Amino acid sequence: MFSKPIRADLNRYSSSSRNRDYFKAIFTHPGARFMFLYRKCQDHSNKTIPGIFYRVWLFYLTRNHSVEIPHACSIGEGLYMGHFKAIIINQNARIGNNCNISQGVTIGRESRGKRIGSPVIGNRVLIGPNSIVVGNIQVGDDVLIAPLTFVNFDVPANSVVMGSPGKIISDKGSMGYIKKILVE
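The numbering of the sequence shown is the numbering used here, which starts it at 120 and goes up by one.
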């Protein structure tokens, strides 16, 4: 009934991998609803009736929650947004599988300087509340970006970044923080 990317997303929000729990997550959690609509917009042309319906619903949801995540953005399977408010992601950013993005996060483009472009974020990355990740940078797998952190430099895998400007403070990464990953 649900495609693999949709199941991977909804599994992060539900108590089990049953369709009934997936529907419950869609109708009770705005982050799950967004990811469902985001995937449906990717699956359907904007010239079909379902495609238009999904885009209108997605537009309403994003405006109601002050969220800017274009459906053209590249987001891996299993994205979790626990508090779905004030999240901005540049359309050229790429986000890996099973990442957590908190409220107030900006993943943006740098328009001048040596890092012109948008970030590439690895798998199983946790980005804490009100953090900013900007520029043509690589954030490795299993990275934890602490709350209120500004990141405009490459971050190696398994790092913990904290502060403004961000500094790598540990090599323990996000292990233990990323839960409910769909394994097939």
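Virtual Cβ for every residue (Gly too), placed ideally from N, Cα, C.
Here the structure is a predicted model, which is why all the values come from computation and not from measurement.
DSSP bridge partner residues for residue i (one or two, in chain order)
i, result
"Thr225", "Ile207 and Ile251"
"Gln257", "Val239"
"Asn219", "Tyr199 and Leu245"
"Val262", "Looking at the DSSP assignment, Val262 forms no beta bridge with any residue, so it has no partner."
Exposure of residue i, with buried meaning 16 or more beta-carbon neighbours within 10 Å
i, result
"Lys233", "exposed"
"Ala191", "exposed"
"Lys298", "exposed"
"Tyr296", "exposed"
"Ile125", "buried"
"Pro238", "buried"
Simplified DSSP state of residue i, which is helix, strand or coil
i, result
"Val244", "coil"
"Val175", "helix"
"Lys286", "strand"
"Arg152", "helix"
"Ile145", "helix"
Alpha carbon of residue i to alpha carbon of residue j, nearest angstrom
i, j, result
"Thr225", "Gly197", "19 Å"
"Phe272", "Asp260", "15 Å"
"Ala205", "Phe178", "14 Å"
"Ile208", "Val253", "10 Å"
"Val270", "Asn219", "16 Å"
"Gly292", "Ala276", "7 Å"
"Ile246", "Ile264", "5 Å"
"Val175", "Tyr157", "11 Å"
Beta-carbon gap between residue i and residue j smaller than 7 Å
i, j, result
"Arg151", "Leu180", "Just to set this straight, residue 151 is Ala in the shown sequence, not Arg. Contact flag unset, no."
"Asp183", "Gly223", "Note on residue identity: the sequence assigns Asn, not Asp, to residue 183. Contact flag unset, no."
"Ile194", "Ile168", "no"
"Tyr199", "Arg139", "no"
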